[in-house]
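Chemist: This is the structure I have questions about; it appears just below.
Protein chains: 2
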Amino acid sequence: MAEGRGAQGYGGESLLFLTDEQLRQGIEAMFFAYRGFTADPDRILAEMAYGRAHHRAVHFISRAPGTTVNNLLAILGVTKQSLNRVLRTLIQDGLVESRVGKADKRERHLFLTEEGVALERILSDAQRERMRAAFREAGPEAVSGFRQVLEAMMDTDLRRKYKKLKEAGS
Amino acid sequence: MAEGRGAQGYGGESLLFLTDEQLRQGIEAMFFAYRGFTADPDRILAEMAYGRAHHRAVHFISRAPGTTVNNLLAILGVTKQSLNRVLRTLIQDGLVESRVGKADKRERHLFLTEEGVALERILSDAQRERMRAAFREAGPEAVSGFRQVLEAMMDTDLRRKYKKLKEAGS
DNA sequence: TTGGAATGTCAACAACACTGACGTAAGCTG
DNA sequence: CAGCTTACGTCAGTGTTGTTGACATTCCAA
């Protein structure tokens, strides 16, 4: 991409990238890219009886094993009833294990079973492959910018949660 | 972000940005950022009887006035039954006008009415404001990288459509 | 110990996607 | 012109994922 690195003469204070047209292109880029982002896992999930919500749950349980339902709720941003339906099927199907909390028996701590780990791997392999290809094509500096913009686009509380996960996974 | 611009010593051929952990962070960044991306319009739409699907339709009709149903279908990537449900309510409510094609009378060309333009403006103002803030915070180079990565993440046919829109809106 | 808060479950409903089938009007082709 | 295809609309049925409302259990603090 030749126009990548400020070759057009903005000296650092130019606001060309903030025109309505540029912003609209950014919006459409998000829309189309997100479709690509979810396409591969969606294809896989469609063959099973699962959907995108199952993927999200499995992903974050994998990322933070032993997390409570409440914590997962905050990260996913759905109602507990909605999450519960998903968790119920995952537990019934033996992909997720729910253990009653020791300190607080109201809490349920969530873990992936072996089978759950296997599904997570299949899904995230597919999604990572897409991300890897995009990263490789765009290059390290673009990746850095990509993440900066995305981070700035998050709601502040989600941004906090995102950074927390980032540190945890260092 | 101190680590923003390749300060960590990768010389251009380092693949640190392709580690599984980096990819996973990219995936989570997409997830959280998309939530922020849709949050403001969703709030507005919730107060009316409309949803995200209506927003998408209105956006792309605004972007390409006179577009046909078939074209919109290809861009949105949904079935005609699904689009039709949305379009029907928008037409009934007087936000969208559907005109029979002159050259080909089978086609319906879609336009926003004044009222439709007004709604589109409210929604896109909210969304653009979020995008503007993110762009400003991240800076022009980051924005360039952001768009490069997103473009690389799209399916090839969507990428074509995205570029077409981009050129049209020059 | 009792009342409120936190945690999680069950039931019913709405939005929005899907498939499949069908109908109509218009264009195209042999 | 006859027959096939295209573009669009619609009806019916289904699945996923979100919502609210009601309720049980557990913890904690007044």
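Chains as they are written, first to last, in this note's numbering: chain A, 144 to 313; chain B, 144 to 313. All C-beta atoms in this analysis are idealised placements derived from N, C-alpha and C, irrespective of residue type, glycine included.
#1: Could you tell me which residues DSSP pairs with residue 226(B) in its beta bridges?
#2: For residue 151(B), which three-state DSSP category applies?
#3: If we call anything under 9 Å between Cβ atoms a contact, is residue 232(B) one with residue 197(B)?
#4: Is it right to say residue 297(A) is buried, meaning 16 or more other beta carbons lie within 10 angstroms of its own, or is it exposed?
#5: From the DSSP output, which residues share a beta bridge with residue 253(A)?
#6: Kindly list the residues whose CB is nearer than 8 Å to the CB of residue 201(A), restricted to its own chain and excluding five residues on each side of it in sequence; keep chain order.
#7: With residue 306(B) as the anchor, note down where its alpha helix (DSSP H) starts and where it stops.
#8: For the stretch 205-224 of chain B, enumerate the residues whose C-beta is nearer than 7 Å to any C-beta of chain A, in chain order.
#9: On the DSSP letters alone, give me the boundaries of the alpha helix (DSSP H) that residue 282(A) sits inside.
#10: For the alpha helix (DSSP H) containing residue 166(B), list its first residue and its last residue.
#11: Count the other CB atoms, across all protein chains shown, that sit within 10 Å of the CB of residue 171(B); report buried if there are 16 or more and exposed otherwise.
#12: Which chain B residues are close to residue 273(A), counting only those with a beta carbon under 7 Å from its beta carbon?
#13: Can you find the residues in the same chain that come closer than 7 Å, C-beta to C-beta, to residue 184(A), ignoring five residues on each side of it along the sequence?
#14: Could you check the C-alpha separation between residue 244(B) and residue 310(B) for me, to the nearest Å?
#15: Write down the C-beta distance between residue 305(A) and residue 175(B) rounded to the nearest angstrom, noting that I regard them as a contact closer than 8 Å.
#16: Alpha carbon to alpha carbon, what distance is there between residue 195(B) and residue 188(B)?
#17: For residue 201(A), which of helix, strand or coil comes out of DSSP?
#18: Using 9 Å as the threshold, is the C-beta distance between residue 287(B) and residue 160(A) below it?
#19: Alpha carbon to alpha carbon, what distance is there between residue 213(B) and residue 252(B)?
#20: DSSP three-state label for residue 295(B), please.
#21: Just to confirm my understanding: we take residue 177(A), look at its own chain, exclude 5 residues before and 5 after, and list those with CB closer than 8 Å. What are they?
#22: Assuming contact is defined by CB atoms lying nearer than 9 Å, are residue 277(A) and residue 292(B) in contact in what I supplied?
#23: Could you work out which residue in 190(A), 241(A) and 235(A) is closest to residue 215(A) when comparing CA atoms only?
#24: Run the CB neighbour count on residue 169(B), radius 10 Å, all protein chains shown included, and call it buried at 16 or more, exposed below.
Modeler: On the basis of the supplied data:
#1: Here residue 226(B) is taken as the residue at index 83 of the second sequence, counted from 1. Answer is none; residue 226(B) lacks a bridge partner.
#2: Counted from its first residue, the second sequence places residue 151(B) at position 8. Residue placement at residue 151(B) cannot be trusted, given a pLDDT of 43 that sits under 50; the coordinates are not used to answer.
#3: On the second sequence, residue 232(B) is found 89 positions in, with the first residue counted as 1. On the second sequence, residue 197(B) is found 54 positions in, with the first residue counted as 1. Cβ atoms of residue 232(B) and residue 197(B): closer than 9 Å.
#4: Here residue 297(A) refers to the residue found at position 154 when the first sequence is read from its first residue. Flag for residue 297(A) reads buried.
#5: Here the question's residue 253(A) lines up with position 110 in the first sequence. Bridge partners of residue 253(A): 210(A) and 241(A).
#6: Taking the first sequence and counting its residues from 1, one reaches residue 201(A) at position 58. Here the set comprises 233, 238, 239, 255, 259, 262, 263 and 266.
#7: Sequence index remark: in the second sequence, residue 306(B) carries index 163 (1-based). Per DSSP, residue 306(B) belongs to the alpha helix (DSSP H) from 299-311.
#8: Within the stretch 205-224 of chain B, the residues whose Cβ lies closer than 7 Å to some Cβ of chain A are 220, listed in chain order.
#9: Here the question's residue 282(A) lines up with position 139 in the first sequence. Unbroken run through residue 282(A): none, as it is neither H nor E.
#10: Here residue 166(B) refers to the residue found at position 23 of the second sequence. Segment 163-190, the alpha helix (DSSP H) holding residue 166(B).
#11: Start at 1 with the first residue of the second sequence, and residue 171(B) comes out as number 28. Burial check for residue 171(B): the Cβ neighbour count within 10 Å reaches 16 or more, so the residue is buried.
#12: Taking the first residue of the first sequence as 1, we reach residue 273(A) at position 130. Within chain B, the residues near residue 273(A) are 296.
#13: In the first sequence, residue 184(A) corresponds to position 41, counting from 1. Closer than 7 Å at the Cβ level, and outside the excluded window around residue 184(A), lie 198, 266, 269 and 270.
#14: The residue you call residue 244(B) lines up with position 101 of the second sequence. The residue you call residue 310(B) lines up with position 167 of the second sequence. Looking at the two C-alpha atoms, the distance is approximately 24 Å.
#15: Position 162 of the first sequence, counted from the start, is the residue given in the question as residue 305(A). Position 32 of the second sequence, counted from the start, is the residue given in the question as residue 175(B). At roughly 5 Å, the Cβ-Cβ gap stays under 8 Å, so residue 305(A) and residue 175(B) are in contact.
#16: Translated into the one-based positions of the second sequence, residue 188(B) becomes position 45. Translated into the one-based positions of the second sequence, residue 195(B) becomes position 52. The alpha-carbon atoms of residue 188(B) and residue 195(B) are separated by roughly 7 Å.
#17: By one-based count along the first sequence, residue 201(A) stands at place 58. Here residue 201(A) sits in helix by DSSP.
#18: The residue you call residue 287(B) lines up with position 144 of the second sequence. The residue you call residue 160(A) lines up with position 17 of the first sequence. Contact: yes.
#19: Mapped onto the second sequence, residue 252(B) falls at position 109. Mapped onto the second sequence, residue 213(B) falls at position 70. Those two C-alpha atoms are separated by around 10 Å.
#20: What you label residue 295(B) is simply residue 152 of the second sequence in a count that begins at 1. Under the three-state reduction of DSSP, residue 295(B) is assigned to helix.
#21: Looking up residue 177(A) in the first sequence gives position 34. Excluding residues within five positions, none has a Cβ falling inside 8 Å.
#22: Stepping through the first sequence from its first residue, residue 277(A) is reached at position 134. Stepping through the second sequence from its first residue, residue 292(B) is reached at position 149. Their beta carbons are under 9 Å apart, which means residue 277(A) touches residue 292(B) by this criterion.
#23: Working through the first sequence from its first residue, we reach residue 215(A) at position 72. Of the listed residues, the one whose Cα sits closest to residue 215(A) is 241(A).
#24: Position 26 of the second sequence, counted from the start, is the residue given in the question as residue 169(B). That one is buried.
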